[in-house]
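The block underneath contains the structure these notes are about, expressed in structure tokens.
Number of protein chains: 2
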Amino acid sequence: MAPQNTERRRVLADAAIDVLGRQGVHGLSHRAVDERSGLPAGTASNYFRSRDALLAAAMDRVADLHHAEMEAAAALETAPIGRARLIEMLGLSLLAAADRNRIRYLAVCELSLEATRRPALLETLTAMNEASVRFTCEQHRALGLDTSVEDVRTLILLYGNALFGLLTGPPERITRETALTLAKALVDGVLGPSRSEG
Amino acid sequence: MAPQNTERRRVLADAAIDVLGRQGVHGLSHRAVDERSGLPAGTASNYFRSRDALLAAAMDRVADLHHAEMEAAAALETAPIGRARLIEMLGLSLLAAADRNRIRYLAVCELSLEATRRPALLETLTAMNEASVRFTCEQHRALGLDTSVEDVRTLILLYGNALFGLLTGPPERITRETALTLAKALVDGVLGPSRSEG
DNA sequence: CTCCTTTCACTACGATCGTTGTACTACTGG
DNA sequence: CCAGTAGTACAACGATCGTAGTGAAAGGAG
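Structure representation (structure tokens):
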């Protein structure tokens, strides 16, 4: 029977994300995950009996990490903020994702593309996106911004994909400056130039 | 010796793009390209002796197609245009890429991600991007818009990646309406709200 | 202690992969 | 007509893949 040990499953899922980010979908195999995790050979195939299951585990784990990060970021900011501060927050978050968490978000890109062909992945991916939208909506309200749901959706779509551009482009373009420029373009473009400057 | 027959190389490269778009990088193999192209088994491995060469061929071909398409689109519009028309052009181009040419641009996304780990691919990819930037600059000038090089660069980065979002998201969101909304956000965000309405 | 169930490490199998090599075919100039 | 050359089809190699199975360890029940 397939073992349930959650801690090991987590370790394996993290290793899978690492492999995805570094070697891409083509590099993901049970054996590669075994090596990356440092666990004995055969362990990955033992916990996730198929490659599909491995992919799904990586996707789930990535969604969890993403949610945790969102909540952590939200906890830092509670008082109402203005347009300028919103841009800064978005820009810094963009930079962190492209720089510090580069490998993980590269894995997200790989998984997003893979989800195109795997309904199961697409499901948790869109769920993750919907959660982001809901969460960001609440967050905007808490910060005193009355952004519409549709605008938030557009903002998140553009944000996620500016990230893709940053990740796949020349690495030297991953700077605080570029990230802030992008964030400003996103916010100004979606919310309008300066409807509620504060 | 490796055969030079350009026509066959083109057919094989097109088949490789098709495989990339439909099955992803993981699905790309000499044999898969043979099947997709309808050519006899072994042909792909004959023309492109390694998988790397196959990937590079797909990348080159994609760049060629992209350039051809840009020039074709440019030929349709010669007189000066205003902000509104620019948004419409961008939006329709976005829609076409996500809908009509879906498979090909999915392949571009796969290749972009792969380029992260393959310097050779990254080279032609950034060359393709630079060409787009230069081309778009000239085009903007010809259309009576004085967009700065940096703004064009940002615009193209966001454009290319809004495309990623459209491609990887739920298919039902690929509509003329969404495309135009995105285009408007891009233009307004990068160029400012309405500095030179016309 | 003994038995039994659960968890785990490890092995084995067929299939497919990337790659290279070899034989057939269709032209070239003589 | 016959070499010689370039292009093509096809076969074969070891390596790796995805998956399933098997036997050992661990831990609780009687």
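So the sequences go chain by chain: A and B. Numbering-wise (our numbering), the first sequence opens with residue 1 and increments by one. Numbering-wise (our numbering), the second sequence opens with residue 1001 and increments by one. Just so it is clear, CB atoms sit at the ideal spot from N, CA and C, and this is done for glycine as well.
Legend entry - Runs of alpha helix (DSSP H) lying entirely within the region 1075-1150 of chain B, each at least 4 residues, in chain order: Listed in chain order, they are 1083-1098, 1102-1115, 1119-1142.
Legend entry - Residue range of the unbroken alpha helix (DSSP H) whose run includes SER1045 (chain B): Per DSSP, the continuous alpha helix (DSSP H) segment holding SER1045 (chain B) begins and ends at 1043-1047.
Legend entry - Per-residue contacts from PRO193 (chain A) into chain B (C-beta, under 7 Å): Those within 7 Å of PRO193 (chain A) in chain B are GLY1192, PRO1193.
Inset, instruction - Examine the Cβ distances between the region 1104-1118 of chain B and the region 1075-1084 of chain B and report whether three or more of them are shorter than 8 Å. - result: Short answer: they don't touch.
Legend entry - alpha helix (DSSP H) segment containing HIS1030 (chain B), residue limits: The continuous alpha helix (DSSP H) containing HIS1030 (chain B) extends over residues 1030-1037.
Legend entry - LEU54 (chain A) and VAL25 (chain A) closer than 8 Å at C-beta: Contact: no.
Legend entry - chain A within 8 Å of ASN1046 (chain B), Cβ atoms only: Answer no: the Cβ-Cβ gap between ASN1046 (chain B) and chain A never drops below 8 Å.
Inset, instruction - Below 7 Å between beta carbons is the criterion; list the residues of the region 1108-1122 of chain B that meet it against any residue of chain A, in chain order. - result: CYS1109, GLU1110, SER1112, LEU1113, GLU1114, ALA1115, THR1116, ARG1117: these are the residues of the region 1108-1122 of chain B whose beta carbon lies less than 7 Å from some beta carbon of chain A, given in chain order.
Inset, instruction - Assign ASN5 (chain A) to one of three DSSP states: helix, strand, or coil. - result: ASN5 (chain A): coil per DSSP, three-state reduction.
Inset, instruction - Determine, using beta carbons only, whether ARG10 (chain A) and ARG61 (chain A) come nearer to each other than 8 Å. - result: Yes, these two residues count as a Cβ contact at 8 Å.
Inset, instruction - Kindly list the residues whose CB is nearer than 7 Å to the CB of PHE1135 (chain B), restricted to its own chain and excluding five residues on each side of it in sequence; keep chain order. - result: Cβ-Cβ distances below 7 Å link PHE1135 (chain B) to MET1070 in the same chain, with the five nearest sequence neighbours on each side left out; the list follows chain order.
Inset, instruction - Please check the pair ALA58 (chain A) and LEU90 (chain A), which I expect to be a contact at CB under 8 Å, by giving their CB distance rounded to whole angstroms. - result: With 8 Å as the limit, ALA58 (chain A) and LEU90 (chain A) do not qualify as a contact, their Cβ atoms being about 26 Å apart.
Legend entry - C-beta neighbour in chain B for ALA185 (chain A), strict 8 Å: ALA185 (chain A) has a beta carbon lying within less than 8 Å of a beta carbon in chain B.
Legend entry - For THR1175 (chain B), the three-state DSSP class (helix, strand or coil): If DSSP states are grouped into helix, strand and coil, THR1175 (chain B) belongs with coil.
Legend entry - Under 8 Å by beta carbon: chain B residues contacting PHE135 (chain A): Contacts between PHE135 (chain A) and chain B, judged by CB atoms closer than 8 Å, are missing: the closest CB pair is about 18 Å apart.
Inset, instruction - Using a cut-off of 8 Å between C-beta atoms, extract the partners of VAL25 (chain A) located in chain B. - result: What VAL25 (chain A) touches in chain B: GLY1024, VAL1025, HIS1026.
Legend entry - Cβ of LEU95 (chain A) within 8 Å of any chain B Cβ: So no, LEU95 (chain A) is outside the interface.
Inset, instruction - Please find out if some non-hydrogen atom of the ligand ATP comes closer than 7 Å to the beta-carbon of LEU1028 (chain B). - result: As far as ligands go, the structure on display features none, and thus does not contain the ligand ATP.
Inset, instruction - Could you tell me whether the Cβ of ASN1161 (chain B) comes closer than 8 Å to any Cβ of chain A? - result: Proximity of ASN1161 (chain B) to chain A, defined by a Cβ-Cβ separation below 8 Å, is satisfied.
Legend entry - Within-8 Å CB hit, GLY165 (chain A) to chain B: So yes, GLY165 (chain A) belongs to the interface.
Inset, instruction - Step through the CB atoms of chain A and report whether any lies within less than 8 Å of the CB of THR989 (chain B). - result: Missing from the structure shown is residue 989 (chain B); chain B here goes from 1001 to 1198 and no further.
Inset, instruction - Return yes when the Cβ of CYS109 (chain A) is within less than 8 Å of the Cβ of LEU1113 (chain B), no when it is not. - result: Going by C-beta atoms, LEU1113 (chain B) is nearer than 8 Å to CYS109 (chain A).
Inset, instruction - Apply the 10 Å Cβ neighbour rule to VAL149 (chain A) and answer buried if 16 or more other Cβ atoms are within range, or exposed otherwise. - result: With fewer than 16 Cβ atoms within 10 Å of its Cβ, VAL149 (chain A) is classed as exposed.
Legend entry - DSSP state of GLY1160 (chain B) mapped onto helix, strand, coil: Annotated three-state conformation of GLY1160 (chain B) is helix, per DSSP.
Legend entry - DSSP-derived helix/strand/coil call for GLY189 (chain A): In the three-state reduction of the DSSP assignment, GLY189 (chain A) falls in the helix class, which pools H, G and I.
Legend entry - Spatial neighbours of ILE17 (chain A) in its chain, beta-carbon cut-off 7 Å, leaving aside the 5 residues before and after: Same-chain partners within the cutoff: ALA58, ARG61, VAL62, ARG104, ALA107.
Legend entry - Under 8 Å between C-beta atoms of ASN161 (chain A) and GLY1165 (chain B): In contact: ASN161 (chain A) and GLY1165 (chain B) (Cβ atoms closer than 8 Å).
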